[in-house]
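Down below is the structure, laid out as structure tokens.
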Amino acid sequence: MAAGSLTAKDENGEDFRELYVMPKRKLRGQTQLEQATGRAEVKTRSRFDLMDRLAERPPRSEEMDPEKHTWSDIWPAARTFASSVVPLPVRMGSRPNVEKRAPFKKEGNLELVKIPNFLHLTPVAVQQHCEAIKKFCTPYPPELLSDASITPSLLPISVQYSTYIHQGTNIRDIRSRVITMIVDVDYLKLSENAAEKLVRLAGNRYNQETGQLTIITDRCHTRKQNLDYAHYLLTVLYHEANKQEAWAELKERSDNLQVEFDGSTTKSKLEDLIEKAKSSGLKTDEKALAEFGEMWKTYRNTEETAEKTREYGRQMKKMLGI
495 MAAGSLTAKD ENGEDFRELY VMPKRKLRGQ TQLEQATGRA EVKTRSRFDL MDRLAERPPR
555 SEEMDPEKHT WSDIWPAART FASSVVPLPV RMGSRPNVEK RAPFKKEGNL ELVKIPNFLH
615 LTPVAVQQHC EAIKKFCTPY PPELLSDASI TPSLLPISVQ YSTYIHQGTN IRDIRSRVIT
675 MIVDVDYLKL SENAAEKLVR LAGNRYNQET GQLTIITDRC HTRKQNLDYA HYLLTVLYHE
735 ANKQEAWAEL KERSDNLQVE FDGSTTKSKL EDLIEKAKSS GLKTDEKALA EFGEMWKTYR
795 NTEETAEKTR EYGRQMKKML GI
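Those letters in the sequence shown? Residues 495 to 816, per my numbering, in order.
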């Protein structure tokens with residue numbers, strides 16, 4: 495017994511430790527009783543709702559000063575709708591009777607948050623972006639403005655590329671770096687041997703029907719690098735085509751890409767036939783032989799069709815006077 499209290503000790507002489515089954519706090523009923531009798535202080539807490547937060551500070555849309563800040567400074571890029579920032583009385587939602595009750599306000603409206611908005615694409619913002627990227631643009635060719643007959647399709651070189659816009663974690667698209675350069679070979683002013691050599695070097699990149707060379711580059715990381723690489727390939731092809739090698743003089747008629755009428759056995763046999771016809775007193779047409787030569791070259795170097803076969807027969811009859 496010490497000071498009116500009982501102190502219990504164990505066999506080792508240590509103090510007894512109390513075991514609390516319930517936490518050492520007041521129960522709800524006890525707290526309410528003390529508050530009702532005035533023995534406890536009542537603590538008021540604000541509700542965690544939107545109106546209490548608005549009561550502490552007004553929305554940003556009411557604090558904005560149009561003379562100091564523009565809308566592009568407040569909403570510079572695409573973002574989710576924020577009712578406290580947008581100073582527009584926007585409403586969205588569904589009501590059974592819209593005439594009696596308007597749709598829900600913008601405060602706490604999830605329907606406005608779900609949909610994408612284009613509030614950052616105002617005319618002033620678009621103009622600012624255009625002025626910012628203007629220094630990276632090249633002026634339009636004045637030749638195309640002065641002469642209306644010149645169209646981009648008639649230019650000797652055309653470059654094609656694609657720009658992709660999509661929503662994702664990365665704004666880069668690997669397909670945007672691909673460059674397609676189309677070159678009209680006739681504008682290169684190549685000789686006959688140089689043009690044939692360029693066609694052999696280009697392979698399937700040269701279109702025989704249109705006479706255009708197509709160069710596609712995609713091995714570099716950026717579009718600018720692929721464009722420079724395409725110009726480099728065109729320069730190399732041009733100089734290699736004009737280069738004269740010693741072994742090129744050993745070329746024979748059978749090595750040509752196309753079968754030529756000049757020097758062929760068909761032309762020699764026709765010339766002998768025309769000479770015999772002249773000696774016999776028959777009339778012959780020298781122009782018919784040249785026209786037949788053009789038709790013969792087209793017939794031998796292109797895909798055979800029924801129309802070309804009939805044209806071949808008509809030219810033959812015309813040359814023989816039948």
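Cβ atoms here follow ideal geometry from the backbone N, Cα and C, with glycine treated the same way.
Query raised in the report: From this set, 582, 616, 595, 729, which residue's C-alpha is nearest residue 571's C-alpha?
Result: For this step, residue 571 is matched to residue 77 along the sequence shown. The shortest Cα separation from residue 571 among 582, 616, 595, 729 belongs to 616.
Query raised in the report: In its own chain, which residues sit with a C-beta less than 7 Å from the C-beta of residue 529, not counting the 5 before and 5 after it?
Result: Residue 529 sits at position 35 when you count from the first residue of the sequence shown. For residue 529, the CB contacts under 7 Å within the same chain, skipping 5 residues up- and downstream, are 536 in chain order.
Query - The beta strand (DSSP E) enclosing residue 568, as first and last residue numbers - result: In the sequence shown, counting from the first residue as 1, residue 568 sits at position 74. Premise fails: residue 568 lies in the alpha helix (DSSP H), 565-568, not in any beta strand (DSSP E).
Query - residue 599 versus 582, 733, 758, 611, residue with shortest Cα-Cα distance - result: Numbered from its first residue, the sequence shown carries residue 599 at position 105. Nearest of 582, 733, 758, 611 to residue 599, Cα basis: 582.
Query raised in the report: Does the Cβ-Cβ distance between residue 682 and residue 723 come in under 8 Å?
Result: Position 188 of the sequence shown, counted from the start, is the residue given in the question as residue 682. Position 229 of the sequence shown, counted from the start, is the residue given in the question as residue 723. The answer is no: Cβ separation not under 8 Å.
Query raised in the report: Taking the alpha helix (DSSP H) that residue 618 falls in, what are its first and last residues?
Result: Along the sequence shown, read from residue 1 onward, the residue named residue 618 stands at position 124. Secondary structure note for residue 618: its alpha helix (DSSP H) is the uninterrupted segment 617-627.
Query raised in the report: Using DSSP with H/G/I as helix, E/B as strand and the rest coil, what is residue 701?
Result: For the purposes of this step, residue 701 is taken as the residue at position 207 of the sequence shown. Note: residue 701 maps to strand in three-state DSSP.
Query raised in the report: Do you know offhand how far residue 658's Cα is from residue 714's?
Result: Within the sequence shown, the letter at position 164 stands for residue 658. Within the sequence shown, the letter at position 220 stands for residue 714. If you take the alpha carbons of residue 658 and residue 714, they lie about 18 Å apart.
Query raised in the report: Within this structure, are the beta carbons of residue 709 and residue 727 separated by less than 8 Å?
Result: Within the sequence shown, residue 709 is the residue found at index 215, counting from 1. Within the sequence shown, residue 727 is the residue found at index 233, counting from 1. Against a cut-off of 8 Å, the Cβ pair of residue 727 and residue 709 comes out as a contact.
Report task. Compare the beta carbon distance of residue 568 and residue 584 with 8 Å and say whether it is the shorter of the two. Result -> Taking the first residue of the sequence shown as 1, we reach residue 568 at position 74. Taking the first residue of the sequence shown as 1, we reach residue 584 at position 90. Contact flag unset, no.
Query raised in the report: Which partner residues does residue 706 have in the DSSP bridge list?
Result: Position 212 of the sequence shown, counted from the first residue, corresponds to residue 706. Beta-bridge partners of residue 706 (DSSP): 678, 701.
Query raised in the report: So residue 768 is in the alpha helix (DSSP H); what residue range does that whole segment cover?
Result: Here residue 768 corresponds to residue number 274 of the sequence shown, with the count starting at 1. Per DSSP, residue 768 belongs to the alpha helix (DSSP H) from 759-773.
**Report entry** Burial state of residue 526, where buried means 16 or more other Cβ atoms lie within 10 Å
**Finding:** One-based indexing of the sequence shown puts residue 526 at position 32. The residue is exposed, with fewer than 16 neighbouring Cβ atoms inside 10 Å.
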